[in-house]
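Trainee: Residue numbers (the UniProt record's numbering): 1 to 156. Just passing along the structure, written as structure tokens.
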């Protein structure tokens, strides 16, 4: 697995610090019997939490919170989807997901980036032609009778 830097929002860091304090209480309580592997989710004696236990805990938390029933791994997909929909560069999302290639991220999540092709064409065309007074705006999901994409040309 290795060690890497993960950039997190302050609210998440605060929650992790509080969690670490609870872990430190367990360390003191079990002292010499505590196996300090410096884990985020250890069991009471410091050993790694089994996936099954984490899943059961997650299901209890979901039920108690009265939120839609989602799998723990769905959080990863939600994170990626929201970042891409917000316009975060796919390379950044790919790095956060630890995909070996950005192509993996794009193959998996390209369906959640509506208008990506249109935006690319619009940006490219405007880079070339807008300075000459021919700006283009692609109308997303708008097609003529022959099935060709409609677009507007705005002369500035």
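Using N, Cα and C, we set each Cβ at its ideal position, and we do this for glycine too. Please read all numbers here as calculations on a predicted model, not as lab measurements.
#1: Along the chain, where does the alpha helix (DSSP H) containing residue 221 start, and where does it finish?
#2: Please determine, among 21, 22, 24, 46, the residue with the shortest C-alpha to C-alpha distance to residue 33.
#3: Is there contact between the segment 51-64 and the segment 77-88, where contact requires at least three CB pairs shorter than 8 Å?
#4: Run the CB neighbour count on residue 15, radius 10 Å, all protein chains shown included, and call it buried at 16 or more, exposed below.
#5: Any contact of the segment 63-81 with the segment 100-113, i.e. 3+ C-beta pairs under 8 Å?
#6: What are the uninterrupted segments assigned as alpha helix (DSSP H) that are 4 or more residues long and contained completely in the UniProt domain "Tyr recombinase" (1-122), given in chain order?
#7: With 16 as the cutoff for other CB atoms within 10 Å, does residue 7 come out buried or exposed?
#8: Quick check: what's the CA-CA separation for residue 136 versus residue 76?
#9: Taking 7 Å as the limit between beta carbons, can you name the residues of its chain near residue 36, skipping five residues before and five after?
#10: Using the rule of at least 16 other Cβ atoms within 10 Å of the residue's Cβ for burial, across every protein chain shown, is residue 55 buried or exposed?
#11: With 16 as the cutoff for other CB atoms within 10 Å, does residue 65 come out buried or exposed?
#12: Taking Cβ positions, are residue 30 and residue 44 nearer each other than 8 Å?
#13: Can you say whether residue 40 is buried or exposed, counting buried as having 16 or more other CB atoms within 10 angstroms of its CB?
Mentor: Short version:
#1: A query on residue 221 cannot be resolved here, the shown segment of the chain reaching from 1 to 156 and no further.
#2: To locate residue 33, count along the chain shown from 1; it is residue 33. Closest option to residue 33, Cα to Cα, is 46.
#3: Touching, no, given that fewer than three Cβ pairs across the two stretches are closer than 8 Å.
#4: Residue 15 sits at position 15 when you count from the first residue of the chain shown. Residue environment: residue 15 is assigned as exposed (fewer than 16 neighbouring CB atoms within 10 Å of its CB, all protein chains considered).
#5: Look at the beta carbons and you see the segment 63-81 touching the segment 100-113: at least three pairs across the two are nearer than 8 Å.
#6: Along the UniProt domain "Tyr recombinase" (1-122), the alpha helix (DSSP H) occurs as fully enclosed runs of 4 or more residues at 10-30, 51-65, 74-85, 90-97, 102-109, listed in sequence order.
#7: Residue mapping note: residue 7 aligns to position 7 of the chain shown, counting from 1. Its Cβ having fewer than 16 others within 10 Å, residue 7 is exposed.
#8: Numbered from its first residue, the chain shown carries residue 136 at position 136. Numbered from its first residue, the chain shown carries residue 76 at position 76. Going by the C-alpha atoms only, they are around 36 Å apart.
#9: Numbered from 1 along the chain shown, position 36 holds the residue referred to as residue 36. Closer than 7 Å at Cβ, skipping near neighbours: 27, 46.
#10: Here residue 55 is taken as the residue at index 55 of the chain shown, counted from 1. Its Cβ having fewer than 16 others within 10 Å, residue 55 is exposed.
#11: Here residue 65 refers to the residue found at position 65 of the chain shown. Flag for residue 65 reads exposed.
#12: As a working note, residue 30 is residue 30 in the chain shown. As a working note, residue 44 is residue 44 in the chain shown. Yes, the Cβ-Cβ distance between residue 30 and residue 44 is below 8 Å.
#13: Your numbering for residue 40 matches position 40 in the chain shown. Looking at its Cβ environment, which holds fewer than 16 other Cβ atoms inside 10 Å, residue 40 is exposed.
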